[in-house]
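Quick note, the sequence shown lines up with residues 3 to 373 if you use this note's numbering.
The block underneath contains the structure these notes are about, expressed in structure tokens.
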Amino acid sequence: MPPVRRSPVRVLPLLLSVLLAGCGAPAPRDGAERDVRAAVADWSRMPPAELSGIPLEGWAYEVSAVRRDGAAATARAELRYRLSGYDAAAAGAAREVRLSRDGGRWHVTGDRPAPGALPQLWDQGPVAVVRGAHALVLGVGQQAGTLSEIAAEADRAVPAADAAWPGPWPGRAVVLVPGSLERMAELLGRPAAEYRGMGAVTTGRVGAAPAPADRVVVNPQGWGELSPAGRGVVLTHEVTHVATRAATTATTPQWLSEGFADWAAYRGTPATPEQAAPALARAVRRGEVPGELPRAEDFAFGGDPEALARAYEGAWLACRLIAGRWGEAALVDLYGRAGREPWPAAVRGALGVDPDALTKDWQEALRAEFR
């Protein structure tokens, strides 16, 4: 059958009527819903007064749905904002805005995380702000002196990370200090037990583009148990994750990501393998040389703490070996290649050896170091 030819003059009105009447057309909004949306837009033109000390910009609530119940309403919205001078891309948060109608007008009465969404730091209480030369520290329920000490440590960590990682990154860090381990876990959406004993962690999407709005989140309980030297190592480690984020992808081995961060953290310190890798030293001296470089699952928290320590220590010593034998530039090159090439190609391209040879060199270096 030959194709049926239709006149465009006749088809166009039909097409328009289908588009306007079809299920893909947005549902019409009644006057009350429009008023609710307008009230949210008016209320959110500026950040709340209690957040005036935080350098916020691009603050906006985009309403996606409205639910009304008489003189009450709830609006589901996406909050977007940036920390001026620190965020290359906007941070986002799903919010639930509550409203009531009084005198014929809608008024916002509350704002909270949407069900299932992570809270913002200011949801946990008044936020104190400390600005450093390279870092912005935001804290809740903390003494001003504690936040100033963390800001000073972050100001040392950023240049240390910058010296280890010559790749492009903003050269600034945002550090969040919640009031407790449990509050930290709330911000991250994970059980508190996963972070017990840790000094800090870093948020952020791996390999995101544009660069994500990373945050270093301090565990006040773990931080308080660290020595001054330990605090410097922990914060430099986490800031290095911020620095390398754009070059880190799903193909980057986790041992390389964690080992590089530790290498950057220990790079300017007098720490020796004996001092910084005691768990691995004990294992090697028992004849338990690892059969392979640490796997991703070896870095999971909640299991054997000794095994976890060996994974981090082994990753650091692998990066230390590469920097010492092939040079720091080769280690940086390997990191960059690992995020965009298959692992065997990345190793050969950066080091001129295959992955098996790298593993054997690392094993021999462990035996020599801890004999």
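We put the beta carbon where it would ideally sit given N, CA and C, even for glycine.
To the nearest angstrom, how far is the alpha carbon of residue i from that of residue j?
i	j	result
ALA154	GLN256	29 Å
LYS362	VAL236	29 Å
PRO292	ILE56	47 Å
GLY305	PRO296	15 Å
PRO50	GLY234	34 Å
VAL42	PRO170	38 Å
ALA137	TRP61	21 Å
ASP358	GLY329	19 Å
PRO28	GLY106	Low confidence applies here, because PRO28 scores a pLDDT of 42, under 50, leaving its location unreliable; read the following figure in that light. Answer to the nearest angstrom: the Cα atoms are 26 Å apart.
PRO168	ALA162	11 Å
ARG327	GLU196	36 Å
ARG247	GLY206	8 Å
PHE301	ARG39	46 Å
Measure from the alpha carbon of residue i to the alpha carbon of each residue in the options, then state which is nearest.
i	options	result
ALA175	ARG185, THR238, ALA119 and GLY199	THR238
ALA398	GLY118, LEU53 and ALA159	Nothing can be reported for residue 398, as the shown portion of the chain is limited to 3 through 373.
SER86	ARG133, VAL65, ARG78 and ALA187	ARG133
ARG36	PRO49, ARG47 and ALA77	ALA77
VAL110	ALA75, PRO180 and GLY141	ALA75
ARG192	ASP44, LEU258, GLN223 and PHE303	PHE303
ASN221	ALA231, PRO161 and SER182	SER182
PRO180	ASP113, THR148 and LEU353	THR148
ALA370	PRO275, ARG312, ALA352 and TRP345	PRO275
ASP71	GLU52, ARG287 and TRP108	TRP108
ARG69	ARG185, ALA34, GLU240 and ALA194	ALA34
GLY224	GLU184, ARG247 and ARG269	GLU184
ALA263	GLY289, GLU315 and TRP45	GLU315
So what does DSSP say about residue i, is it helix, strand or coil?
i	result
ALA62	strand
TRP364	helix
TYR197	helix
GLY112	strand
THR271	coil
GLY261	helix
ASP300	helix
GLY234	helix
THR242	helix
GLY206	coil
SER229	coil
ASP104	strand
ASP164	helix
GLY338	helix
VAL286	helix
ARG69	strand
GLU294	coil
ARG47	coil
GLU98	strand
For residue i, which residues of its own chain have a beta-carbon under 8 Å away from its beta-carbon, when the five flanking residues on both sides are left out?
i	result
ALA367	LEU319 and LEU323
GLY341	GLY209, ALA249, THR250, THR251, THR253 and THR254
ALA93	ARG82, TYR83, ARG84, LEU85 and ALA215
GLU151	none
ALA156	GLY134, HIS136, ALA137, VAL139, ALA175, VAL177, VAL218, LEU237 and VAL241
PRO115	ALA95, ALA96, ARG97, GLU98, PRO121, GLN122 and ASP125
VAL142	LEU123, TRP124, GLN126, GLY127, PRO128, VAL129, ALA130, VAL179, PRO180, GLY181 and ARG185
LEU310	ASP300, PHE301, ALA302 and PHE303
Give the C-beta separation of residue i and residue j to the nearest angstrom, bearing in mind that I take them to be a contact with Cβ-Cβ under 8 Å.
i	j	result
ALA281	GLU308	5 Å
ARG97	ALA79	5 Å
ALA332	LEU353	6 Å
ALA245	ASP164	7 Å
VAL219	LEU190	6 Å
LEU178	LEU140	5 Å
TRP124	LEU58	So it is not a contact: roughly 10 Å between Cβ atoms.
THR271	ALA231	7 Å
Going along the chain, which residues of its own chain have a beta-carbon closer than 7 Å to the beta-carbon of residue i, five neighbours each way excluded?
i	result
ARG350	ASP356
LEU228	GLY201 and VAL236
ALA348	LEU336, ARG339 and ALA340
ALA187	PRO193, ALA194 and TYR197
Under 6 Å Cβ to Cβ from residue i, same chain only, skipping five residues before and after it: list those, please.
i	result
ALA317	TRP257, GLU260, GLY261 and PRO296
PHE372	ALA283, VAL286 and ARG287
TRP364	ALA320 and LEU323
ARG269	ALA166
GLN145	none
ALA267	VAL235, THR238 and HIS239
Could one say the Cβ of residue i lies closer than 8 Å to chain C's Cβ atoms, at least one of them?
i	result
CYS321	No chain C appears in the structure shown, which is made up of a single protein chain.
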